[in-house]
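**Q** This is the structure I have questions about; it appears just below.
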Amino acid sequence: MHSFFTRVIAVFEIAGGLYGLVRQVDHLLGSRMSGLDAVATVLGVLLFGFILVAGILLASNDGRGTQMSIWAQFLQAPLLATSFFSYALSAGAFANLSMTIQRSPRLGFDWAIAEHGWLFTLGGPSAAHVGINLLAVVSWLILRFGR
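Residue numbering for the sequence shown follows the working numbering, starting at 12 and increasing by one per position.
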């Protein structure tokens, strides 16, 4: 069973990493940007490239692929959006459970398959959101403890 789940994780990492890498390179080459936007885009290129390589190594049953994929899933787990800093990363799929922090806190759930997402910026919404990518956490657990 572990082998099946590992292959599924590898497929999502390869597909999401490639799609995210292509989109970030397109954004980098196709628009004028400076400052933090340029840094965030270059960081996105590096992260999606890392996720793509992790997925390829995981699919080829390379030991480094498991370690890299553990880190790739770890980086996709947190969601944070505050008025001064925002961070989110997803490659391949996500299942996000989040909470809006305001006077009356609100829970939210969102999911998608065959996608990529990258948010790294100063600033964000007036009502803070914190959450976790449940799919990344489950994938991390499978890779970390599914020996």
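Every residue gets a Cβ at the ideal spot worked out from N, C-alpha and C, and that includes glycine.
Which two residues bound the contiguous beta strand (DSSP E) that contains residue 121?
**A** 117 to 132
**Q** Starting from residue 142, trace the beta strand (DSSP E) both ways and give me its first and last residue.
**A** 139 to 144
**Q** Which stretch, first to last residue, makes up the beta strand (DSSP E) that contains residue 110?
**A** For residue 110, the enclosing beta strand (DSSP E) stretches over residues 97 to 112.
**Q** Let's test the definition: count the other Cβ atoms within 10 Å of the Cβ of residue 95 and tell me whether it reaches 16, buried, or not, exposed.
**A** exposed
**Q** Ordered along the chain, which non-local residues of its own chain (more than five positions away) have a Cβ less than 6 Å from that of residue 16?
**A** 153
**Q** Only counting the same chain, and skipping five residues up and downstream in sequence, which positions put a Cβ closer than 6 Å to that of residue 26?
**A** Here the set comprises 103.
**Q** Within 10 angstroms of the Cβ of residue 87, are there 16 or more other Cβ atoms? Answer buried if so, exposed if not.
**A** buried
**Q** Kindly identify the DSSP beta-bridge partner or partners of residue 90.
**A** 142
**Q** Classify residue 64: buried if its beta carbon has 16 or more other beta carbons within 10 angstroms, exposed otherwise.
**A** buried
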